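Scroll down for the structure; my scribbles are underneath it.
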Amino acid sequence: MSDVMRHHFPSATFLTSAPRLADCPADTGLEVAFAGRSNAGKSSAINTLTHQKSLARTSRTPGRTQLINFFTVNDPQYRLVDLPGYGYAKVPEAVRREWQEHLAHYLRERRSLQGTVLVMDIRHPLTEFDQMMMGWADDNDMPLHILLTKADKLKRGAAMGVLSKVRHQLKEWEDLISVQLFSSQDRVGVEELNERLCQWLTPEKPSQDPT
């Protein structure tokens, strides 16, 4: 892929955290967001991609992170974004709704967002939250790449079976949604994820003047 910019993800560094869209960095450049249900392995996936142990914080109490976290890659104009986890946190329903509103607002309004990586535990794919995320992606024509994480928890044949089943269920969205196996433990799927992100973080070439 000679026309695809190569990004050095181990160079990723923390930029800032924002509680809502208004507090996010300037909406310029290109960025890719990571979303997922709490405890699906989202922070671990970011850390594995960047070869860093604690770039994205993992918590023993899933759902505690309520901030949108930004990391720069190579240059401040290229960013990875860690969105708040959703699910297990023992918080009031009003707080849950507020998280959901901020998340929807970010996905709908952020012009620099080029695609979203949706992290799912391979043992529990396509939860209600996952389907909500896919609906937002469809509504906004936003590319979505699914990581079926913790693939090491299943035997190879079983993992491939889940992958095939999920692909079949998403067949109507195959132009918008892609899916792969991933394991932070065994580093399975890291290169495939790397390639996808490099595609999304490559600036579009200006159109050639026919004259």
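Residue numbering for the sequence shown follows our numbering, starting at -18 and increasing by one per position.
Glycine included, each C-beta is placed from N, C-alpha and C at the ideal position.
Bear in mind that the values here come from a model prediction, so they are computed numbers and not experimental data.
Note that the C-beta distance between N121 and L88 is below 9 Å. Ranked by Cα distance from A16, the options M141, I49, N55, V143 are led by I49. In the DSSP assignment, V100 falls within the unbroken beta strand (DSSP E) covering 94 to 102.
A direct Cα-Cα distance of roughly 11 Å separates H105 from A132.
In terms of Cβ geometry, L107 and L128 do not form a close pair [threshold 9 Å].
In the three-state reduction of the DSSP assignment, S(-8) falls in the helix class, which pools H, G and I. With contacts defined as CB atoms closer than 9 Å, R60 and L(-4) qualify as a contacting pair. Positions of the alpha helix (DSSP H) runs, each at least 4 residues long and wholly inside the segment 159 to 188, are given as 171 to 181 in order along the chain. Excluding five sequence positions before and after P6, the CB atoms of its chain that fall closer than 7 Å to its own CB belong to L(-4), T(-3), F51, given in chain order. At least 9 Å separates the beta-carbon of L2 from that of H126.
Beta-carbon to beta-carbon, N175 and L84 are separated by about 25 Å, too far to satisfy the 8 Å threshold.
Under DSSP, V13 shares a beta bridge with L61, G96. Here the alpha carbon of E155 sits roughly 30 Å from the alpha carbon of H32. Just measuring C-alpha positions, the residue of D102, A140, L157 sitting nearest M115 is L157.
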